[in-house]
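Data block below; observations after.
In this note's numbering, the protein residues as written are 60 to 443.
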């Protein structure tokens with residue numbers, strides 16, 4: 060997920076998320092809120108009404124009218140499940156059969172992929188105004204929940220062209236006793252002479268205390284996963300860094316094998332550790348502090364970043380202050396809807412969300428009234 064810039068964030072309020080003292084879950088359907096600042100739509104999420112309930116459009120701005128329905132999650136909440144079509148919230152760890160979003164601590168999951176058996180998923184963050192336009196936005200794909208980790212923030216998304224650009228971050232990868240550095244060079248390649256997305260190019264090198272091994276370039280890494288008919292039965296490419304071998308594995312096969320280090324599947328890059336697989340591989344983003352926007356990222360290329368890549372040596376990769384970790388399950392919301400710094404910052408953004416049955420919704424977050432900051436309000440707009 061792309062890192063949020065300061066212009067896309069807002070204060071949640073005087074209450075730091077997960078430190079407010081509230082533990083209950085409540086729901087406000089729009090039809091029940093008509094007396095609080097405006098008329099509201101029915102629970103179906105249509106454009107028939109709006110509400111000023113649920114906070115302001117940004118810090119210091121006047122409340123705006125929101126189309127759609129409301130669902131309110133009290134925070135902190137150890138676990139809460141949201142059904143989008145009914146705007147219903149269920150507290151606890153037991154998942155209802157018809158759940159669409161799962162709030163757990165500061166994480167938000169969709170009923171898809173590694174998180175659930177539904178037809179869900181999401182894409183975002185999108186511009187704040189997308190929610191108010193009330194139309195199905197043009198997006199390059201729907202992100203289903205998948206294991207991801209240190210390499211999860213490898214790209215910047217250009218909303219104007221719907222293209223993904225490598226940030227050219229360098230990642231430290233630890234596999235057994237060996238250290239490697241890896242950089243994504245391209246997401247687009249060619250198949251039978253035609254340009255295709257999810258055909259990666261990368262470079263990597265083994266790094267030892269007394270010796271930096273030659274850089275290896277790998278092109279044509281097929282992560283298409285059967286596109287346009289992507290399914291869990293379709294394999295994609297996994298790279299073994301010790302010898303450069305490419306293995307074609309389905310997600311379930313990758314979860315059972317230890318003979319790969321990095322897997323590529325559509326826009327997702329996972330490593331073989333923790334939620335990613337049983338291999339004990341860990342990684343770290345060596346450029347995690349980089350906050351360049353997409354226009355700055357587009358100026359980078361393999362040549363302009365080569366010197367920086369080459370300069371990373373054993374002392375850098377073995378620095379004990381680096382926090383190497385395996386994969387965790389991520390969604391389109393991961394590290395994008397909330398900045399957990401102090402005070403927490405909520406994204407001025409919206410998401411396209413697909414529910415468990417495959418129906419599309421637009422979603423945005425807002426803070427509650429400052430006098431009652433212990434609630435997170437979800438604005439939900441069903442799309443035809």
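No residue lacks a Cβ here, since even glycine has one placed at the ideal position from N, Cα and C.
Exercise. What are the start and end residues of each continuous beta strand (DSSP E) run of 3 or more residues lying completely inside the segment 156 to 227, in chain order?
Worked result: 160 to 163, 166 to 169, 180 to 186, 205 to 207, 214 to 217 and 222 to 225
Exercise. Any contact of the segment 202 to 209 with the segment 415 to 425, i.e. 3+ C-beta pairs under 8 Å?
Worked result: No, the segment 202 to 209 does not touch the segment 415 to 425.
For this session: Would you check if there are 3 or more beta carbon pairs closer than 8 Å linking the segment 172 to 180 to the segment 190 to 197?
Result: no
Exercise. Quick one: what does DSSP say residue 355 is sitting in, helix, strand or coil?
Worked result: helix
Exercise. How about the segment 377 to 395 and the segment 343 to 357: do they share at least three Cβ pairs that are nearer than 8 Å?
Worked result: Cβ pair count under 8 Å is three or more, so yes.
For this session: Give every residue of the same chain whose Cβ lies closer than 6 Å to the Cβ of residue 376, excluding the five residues on either side of it in the sequence, and list them in chain order.
Result: 231, 238 and 266
Exercise. For residue 436, does the three-state DSSP call read helix, strand or coil?
Worked result: strand
Exercise. What are the boundary residues of the beta strand (DSSP E) that residue 276 is part of?
Worked result: 275 to 281
Problem set entry | Candidates 236, 316, 410 and 261, of which the one nearest residue 337 by Cα | 316
Exercise. Going along the chain, which residues of its own chain have a beta-carbon closer than 6 Å to the beta-carbon of residue 277, five neighbours each way excluded?
Worked result: 261
Exercise. Expressed to the nearest angstrom, what Euclidean distance is found between the alpha-carbon atoms of residue 234 and residue 213?
Worked result: Roughly 20 Å between the two C-alpha positions.
Problem set entry | Residue environment, residue 228, which counts as buried when at least 16 other CB atoms sit within 10 Å | buried
Problem set entry | Given residue 331 as reference, the closest of 299, 215, 356 and 357 once Cα atoms are compared | 299
For this session: Grab the span of the beta strand (DSSP E) containing residue 298 for me, first residue to last.
Result: 295 to 299
For this session: Tell whether a beta-carbon distance below 9 Å holds between residue 322 and residue 335.
Result: yes
Problem set entry | Residue range of the unbroken alpha helix (DSSP H) whose run includes residue 369 | 365 to 370
For this session: Take residue 275 and list the residues in its own chain whose beta-carbon comes closer than 8 Å to its own, dropping the five residues that flank it on each side.
Result: 262, 263, 264 and 303
For this session: Would you please verify whether the beta carbon of residue 435 is less than 9 Å from any beta carbon of chain B?
Result: Among the chains in the structure shown there is no chain B, since it carries only a single protein chain.
For this session: Note down the Cα distance separating residue 434 from residue 131, rounded to an integer number of angstroms.
Result: 6 Å
Exercise. Can you tell which of 329, 241 and 423 has the C-alpha that lies nearest to the C-alpha of residue 282?
Worked result: Taking the Cα of residue 282 as reference, the smallest distance to any Cα among 329, 241 and 423 is reached at 329.
Exercise. Just curious, the alpha helix (DSSP H) that residue 374 is in, first and last residue?
Worked result: In the DSSP assignment, residue 374 falls within the unbroken alpha helix (DSSP H) covering 373 to 376.
For this session: Report the three-state DSSP secondary structure of residue 362 (helix, strand or coil).
Result: coil
Problem set entry | Beta-bridge partners of residue 230, as assigned by DSSP | 241 and 344
Problem set entry | Integer-rounded CB distance, given that residue 243 should sit under 8 Å from residue 225 | 5 Å
Exercise. Which value, in whole angstroms, describes the spacing of the CA atoms of residue 83 and residue 142?
Worked result: Bear in mind that a pLDDT of 29 at residue 83, under 50, signals an unreliable position, so the model cannot answer this.
Exercise. Taking the C-alpha atoms as reference points, what is the distance between residue 371 and residue 269?
Worked result: 13 Å
Exercise. Going by beta carbon distance, what residues of the same chain come within less than 7 Å of residue 271, once the five residues before and after it are set aside?
Worked result: 264 and 372
For this session: On a CA-only basis, which of 313, 437, 420 and 436 is nearest residue 443? Give me that one, please.
Result: 420
For this session: For the beta strand (DSSP E) holding residue 147, just list the boundary residues, first then last.
Result: 147 to 150
Exercise. From residue 125 to residue 439, what does the alpha carbon distance come to, in whole angstroms?
Worked result: 9 Å
Exercise. Looking at residue 183 and residue 396, is the spacing between their C-beta atoms short of 9 Å?
Worked result: yes
Problem set entry | Identity of the residues DSSP links to residue 309 by a beta bridge | Answer is none; residue 309 lacks a bridge partner.
For this session: Would you tell me roughly how many angstroms separate the C-alpha atoms of residue 236 and residue 374, rounded to the nearest one?
Result: Taking the straight line from one Cα to the other gives about 15 Å.
Exercise. Does DSSP put residue 395 in a helix, in a strand, or in coil?
Worked result: Residue 395: coil per DSSP, three-state reduction.
For this session: Out of 127, 172 and 215, point me to the one whose CA is closest to residue 349's CA.
Result: The shortest Cα separation from residue 349 among 127, 172 and 215 belongs to 215.
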